[in-house]
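Worksheet: one structure, shown below.
Protein chains in written order, with the working numbering: chain A, 530 to 1220; chain B, 1011 to 1168.
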């Protein structure tokens, strides 16, 4: 490159940076008065236990995530090296969850359904002894695994410091690398649709590794400019829900500035410039390719303006990123024909990784409700479907791998009906249909001898009619099961609980499962809609499909005069009418006004950091609240508000089973949340030390 | 001279076509005025995530799910509303009347009901005569209805 080229490049850089910085500075000043909180990233750094060390470089590490363990790669290539490393890390994590180490149960799902059940007549009147509070054993520290992951080196590729992303400028690496959060996440090949991948020259970019290259003046300049750009590219992270999104002009200018900046320093270092490195698929090439993709006739829309990734929605809780939607990071429209969906209840599939396969079988299954391929709940409609994720690093969101179409792989991003269409998995199966079949909870139970050694159970409700917000009527709830990682489901007719008020089953129309390891599956229930309380039952794992084997918890009652009619507290076999509310039914003059007085869609876990059971749900004010308890049946604590109602309408908080706090490795709790206005699922993070 | 004449003819034709092309009123937007007669009426402009409601003679964005509304305004292009076959329905099933908001206006509704979970019926179309009210039944298990024309849609009580 001649001197003139340098001059031109410097000039272009100066112009772009000057204009961009001016815009950015003006914007920042204008927004300064409304910012009472520090940016969420710094907040994360100071508050999130095991994730602290990586929080400040969230987006840098995004590209190192094991997002696509399903994809076999050709040996001998750089990609293979990176992904092999990823798989190893994932295998390490496989052993960290309790799901695969729980006591096994005799498989029952292969038995023929028994339409005629034989209730045990002598059991309903005799409460069984409530067992000691099951407290699952702590599992291996997942944070340690993440640390290992962050230290994983690749054989070739760009050398970059996680702590100082720009320090690599002075290494042997020929290309300056900026650890911009959004762009690297966007460039992650693991999150790209095939269509998007088509725009990117190459997605097999060598991943950065950890170095401790000392900083020098050039690096300092690099960091300064990168920080400015980074600030402007993510101005909403934190606490400004009303701040408007940046206009495209600013993005364009800053993208241009970044490109020029990259090329300028690359040229100074004697390395190839952007145009020369396109074929090497460097991050710069990715940026360029993404920029080219941006002018494509069918560009991927930007994320919705609200909430912004990282945005703090309360003292304890921030929005992490979207799980579904026709935008990054997962772009479920192009890959699964999912423009919008909701619920997103999650559970560990309990399937250990098989080292002989190129992908990790250990995943989270994510069940979603009514699903559409076009805006405003139009287009191709599926009443339910399943998504999958093997993402263990949730700080930067939850990635969903591509689908696996017609190749026998049951561990793709979703069960498919076409290469890019997630399919409905639960059908009426001869039962009354209603208008939809909505999953409400799922659980995996070990079943040795089955294909993958675990059977997935999903509770769903048959809705007959939707009413005003929070009001709907159900036909029944029931269980469906799958022995192939949620690819195919069979409805168990013997598990149907018709919504009949005299049976007690009306209180188990929506469910939450927890399997603490004492041999039982605890099944929480609420009536249809969001106006009821929560009840709890339990069943031996092997009997989960047999309603006659369920015990229902009653808190007891003192009875009338002389104790006539008294009911001792305890578990009652095969009598749902004995179940009493365990939470969500505050009484008294002020009780009804307390947060958490009504229970909507909910999820329950045993939290190893708190050593307590935890439930999340939406209450009568549409707050998302949390309660804790030492035992599944309670006594449950008063409800604490995690976040209040948000613009657009929030519902269905569904906890992630691989949250650091759930695993006992940190204090962060991750959970899915549905936003009605977008009609998509978001990933949220709560720092339990701030609740 | 001939070119001038052709230009005049073309310009006249273009101008003549303008009123037809702009027959629909401007789509309501949040913050724009609405008449007092439209108080509590909702509408749903294309490409917006939530409906608008006319309050205090202004169109205001709805920020949370609302109960089914009994009066909706369509201003020309179809607006898609959901019935009791979808969470947080916008309209309730029952008897409805559509009234054109301009002389010669025509109202049209295309309903799709739920056949089974994940399966919708083919559209059932109701269309009024120009300038005439349209009376129609929004069907039970209504999944969605597309309302078009510059019309006010009102649910009949009872």
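We treat Cβ as the ideally placed atom computed from N, Cα and C, and that holds for glycine.
Q. Residues in the region 1094-1108 of chain B with C-beta within 8 angstroms of chain A's C-beta atoms, listed in sequence order?
A. Cβ contacts with chain A: 1094, 1095, 1096, 1097, 1098 and 1099.
Q | residue 1050 of chain A vs residue 1042 of chain A beta-carbon contact at 8 angstroms | A | Reading the first chain from its first residue, position 521 is the one you call residue 1050 of chain A. Reading the first chain from its first residue, position 513 is the one you call residue 1042 of chain A. The Cβ-Cβ distance between residue 1050 of chain A and residue 1042 of chain A falls below 8 angstroms.
Q: Determine the closest residue to residue 1081 of chain B out of B/1114, B/1089, B/1042 and B/1106, with distance taken between C-alpha atoms.
A: Reading the second chain from its first residue, position 71 is the one you call residue 1081 of chain B. Ranked by how close their Cα comes to the Cα of residue 1081 of chain B, the residues B/1114, B/1089, B/1042 and B/1106 have B/1106 in first place.
Q) Can you find a CB in chain B that lies within less than 8 angstroms of the CB of residue 1123 of chain A? A) By 1-based counting over the first chain, the position of residue 1123 of chain A is 594. It does not: the Cβ of residue 1123 of chain A has no partner Cβ on chain B nearer than 8 angstroms.
**Q.** Residue-chain proximity (residue 1090 of chain B, chain A), Cβ-Cβ < 8 angstroms
**A.** Against the second chain, residue 1090 of chain B aligns to sequence position 80. Yes, residue 1090 of chain B counts as interfacial toward chain A.
Q | Top-ranked residue by Cα proximity to residue 919 of chain A, from A/912, A/929 and A/911 | A | Along the first chain, one-based indexing puts residue 919 of chain A at 390. Each of A/912, A/929 and A/911 was checked against the Cα of residue 919 of chain A, and the nearest Cα belongs to A/929.
Q.
Please identify the residue among A/897, A/1152 and A/1045 whose C-alpha is closest to the C-alpha of residue 1124 of chain A.
A. Taking the first residue of the first chain as position 1, residue 1124 of chain A is located at position 595. Comparing Cα-Cα distances from residue 1124 of chain A to each of A/897, A/1152 and A/1045, the minimum goes to A/1152.
Q. Between residue 965 of chain A and chain B, is there a C-beta pair that is closer than 8 angstroms?
A. Position 436 of the first chain holds residue 965 of chain A. For residue 965 of chain A, the closest Cβ of chain B is nearer than 8 angstroms.
Q) What three-state label does DSSP hand residue 1047 of chain B in the structure shown? A) Residue 1047 of chain B sits at position 37 when you count from the first residue of the second chain. In this structure, residue 1047 of chain B counts as helix in the three-state DSSP scheme.
Q: Mind reading off the beta-carbon distance from residue 1092 of chain B to residue 906 of chain A? Whole number of angstroms is fine, and I expect it under 8 angstroms.
A: The count along the second chain starts at 1 and reaches residue 1092 of chain B at position 82. The count along the first chain starts at 1 and reaches residue 906 of chain A at position 377. In this structure residue 1092 of chain B is in contact with residue 906 of chain A, their Cβ atoms being roughly 6 angstroms apart against a cut-off of 8 angstroms.
Q: Run down chain B in chain order and give the residues with a C-beta less than 8 angstroms from the C-beta of residue 899 of chain A.
A: Reading the first chain from its first residue, position 370 is the one you call residue 899 of chain A. Neighbours of residue 899 of chain A on chain B, chain order: 1096 and 1097.
**Q.** 8 angstroms contact criterion, which residue 1204 of chain A and residue 1179 of chain A should meet: CB distance rounded
**A.** Here the question's residue 1204 of chain A lines up with position 675 in the first chain. Here the question's residue 1179 of chain A lines up with position 650 in the first chain. The beta carbons of residue 1204 of chain A and residue 1179 of chain A sit about 6 angstroms from each other, so the pair counts as a contact at 8 angstroms.
Q. Applying a beta-carbon distance threshold of less than 7 angstroms, which residues of chain B neighbour residue 906 of chain A?
A. Indexing the first chain from 1 puts residue 906 of chain A at position 377. Within 7 angstroms Cβ-Cβ: 1092 and 1096.
Q. Is there contact between the region 1152-1166 of chain A and the region 1135-1143 of chain A, where contact requires at least three CB pairs shorter than 8 angstroms?
A. With the cut-off at 8 angstroms, the region 1152-1166 of chain A and the region 1135-1143 of chain A touch.
Q | Span separating the alpha-carbon of residue 999 of chain A from that of residue 1099 of chain B | A | For this step, residue 999 of chain A is matched to residue 470 along the first chain. For this step, residue 1099 of chain B is matched to residue 89 along the second chain. Looking at the backbone, the Cα of residue 999 of chain A and that of residue 1099 of chain B are separated by about 11 angstroms.
Q: Would you check if there are 3 or more beta carbon pairs closer than 8 angstroms linking the region 966-986 of chain A to the region 1142-1157 of chain B?
A: Counting C-beta pairs closer than 8 angstroms gives fewer than three between the region 966-986 of chain A and the region 1142-1157 of chain B, which falls short of the contact rule.
Q) Quick one: is residue 1065 of chain B near chain A, going by C-beta distance under 8 angstroms? A) Taking the first residue of the second chain as 1, we reach residue 1065 of chain B at position 55. Under the Cβ criterion of 8 angstroms, residue 1065 of chain B is not counted among the residues facing chain A.
Q.
Does the contact criterion of 3 or more C-beta pairs under 8 angstroms hold for the region 1175-1193 of chain A versus the region 1106-1116 of chain A?
A. No, the region 1175-1193 of chain A is not in contact with the region 1106-1116 of chain A.
**Q.** Whole runs of the alpha helix (DSSP H) within the region 1061-1095 of chain B, excluding any shorter than 4 residues
**A.** Secondary structure remark: continuous alpha helix (DSSP H) runs of at least 4 residues inside the region 1061-1095 of chain B: none found.
Q: Would you mind reading off the limits of the alpha helix (DSSP H) that contains residue 1182 of chain A?
A: Counting from one through the first chain, the residue named residue 1182 of chain A turns up at place 653. Element bounds for residue 1182 of chain A: not the alpha helix (DSSP H) but the beta strand (DSSP E), 1179-1184.
Q | Rounded distance between the beta-carbons of residue 858 of chain A and residue 926 of chain A, thought under 8 angstroms | A | Along the first chain, read from residue 1 onward, the residue named residue 926 of chain A stands at position 397. Along the first chain, read from residue 1 onward, the residue named residue 858 of chain A stands at position 329. Indeed, because the Cβ distance is near 5 angstroms, the residues count as touching under 8 angstroms.
Q: Taking a Cβ distance cut-off of 7 angstroms, strictly less, list which residues of the region 1050-1075 of chain B are near chain A, in chain order.
A: If the cut-off is 7 angstroms between Cβ atoms, the region 1050-1075 of chain B has 1059, 1060, 1073, 1074 and 1075 near chain A.
**Q.** residue 1003 of chain A beta carbon less than 8 angstroms from that of residue 988 of chain A
**A.** What you label residue 988 of chain A is simply residue 459 of the first chain in a count that begins at 1. What you label residue 1003 of chain A is simply residue 474 of the first chain in a count that begins at 1. No, the Cβ-Cβ distance between residue 988 of chain A and residue 1003 of chain A is not below 8 angstroms.
Q. At a CB-CB cut-off below 9 angstroms, which residues of chain B make contact with residue 911 of chain A?
A. As a working note, residue 911 of chain A is residue 382 in the first chain. Going along chain B in sequence order, the residues near residue 911 of chain A (Cβ under 9 angstroms) are 1127 and 1128.
Q.
Once DSSP output is grouped into helix, strand and coil, what is the label at residue 1054 of chain A?
A. Against the first chain, residue 1054 of chain A aligns to sequence position 525. Strand.
Q. How long is the line joining the alpha carbons of residue 1151 of chain B and residue 1097 of chain B, rounded to whole angstroms?
A. One-based indexing of the second chain puts residue 1151 of chain B at position 141. One-based indexing of the second chain puts residue 1097 of chain B at position 87. Distance between the alpha carbons of residue 1151 of chain B and residue 1097 of chain B is about 12 angstroms.
Q. Three or more C-beta pairs closer than 8 angstroms, one from the region 1082-1091 of chain B and one from the region 1049-1056 of chain B: is that the case here?
A. A contact exists between the region 1082-1091 of chain B and the region 1049-1056 of chain B.
Q. Would DSSP call residue 1121 of chain A helix, strand or coil?
A. Here residue 1121 of chain A refers to the residue found at position 592 when the first chain is read from its first residue. Of the three classes helix, strand and coil, the one that applies to residue 1121 of chain A here is helix, per DSSP.
Q | residue 1166 of chain B and residue 1104 of chain B closer than 8 angstroms at C-beta | A | Residue mapping note: residue 1166 of chain B aligns to position 156 of the second chain, counting from 1. Residue mapping note: residue 1104 of chain B aligns to position 94 of the second chain, counting from 1. With contacts defined by Cβ atoms closer than 8 angstroms, residue 1166 of chain B and residue 1104 of chain B form a contacting pair.
Q. Would you say residue 1182 of chain A and residue 1132 of chain A are within 8 angstroms of each other, going by their C-beta atoms?
A. Position 653 of the first chain, counting from 1, holds the residue named residue 1182 of chain A. Position 603 of the first chain, counting from 1, holds the residue named residue 1132 of chain A. Result yes, Cβ atoms of residue 1182 of chain A and residue 1132 of chain A sit closer than 8 angstroms.
Q) Is it buried or exposed for residue 1036 of chain B, if we count other Cβ within 10 angstroms and need 16 for buried? A) Mapped onto the second chain, residue 1036 of chain B falls at position 26. So residue 1036 of chain B counts as exposed.
Q) With a CB to CB cut of under 7 angstroms and the five nearest residues on each side skipped, what residues in its chain are close to residue 1209 of chain A? A) Reading the first chain from its first residue, position 680 is the one you call residue 1209 of chain A. Cβ neighbours of residue 1209 of chain A beyond the five flanking positions: 851, 853, 854, 869 and 870.
Q: Answer yes or no: does any C-beta atom of chain A fall closer than 8 angstroms to that of residue 1201 of chain B?
A: The structure shown has nothing for residue 1201 of chain B, since chain B only spans 1011 to 1168.
Q. Could you give the uninterrupted runs of the alpha helix (DSSP H) lying entirely in the region 1094-1170 of chain A, keeping only those of 4 residues or more?
A. When DSSP assignments are scanned along the region 1094-1170 of chain A, no uninterrupted stretch of alpha helix (DSSP H) that is 4 or more residues long falls wholly within it.
Q: Given a cut-off of 8 angstroms, decide if residue 892 of chain A and residue 917 of chain A are closer than it, judged by their beta-carbon atoms.
A: Taking the first chain and counting its residues from 1, one reaches residue 917 of chain A at position 388. Taking the first chain and counting its residues from 1, one reaches residue 892 of chain A at position 363. With respect to the 8 angstroms criterion, residue 917 of chain A and residue 892 of chain A are classified as neighbours on the basis of their beta carbons.
**Q.** Nearest residue (CA-CA) to residue 862 of chain A, options A/835, A/827, A/1166 and A/1220
**A.** Counted from its first residue, the first chain places residue 862 of chain A at position 333. If we check each option's Cα against that of residue 862 of chain A, A/827 comes out closest.
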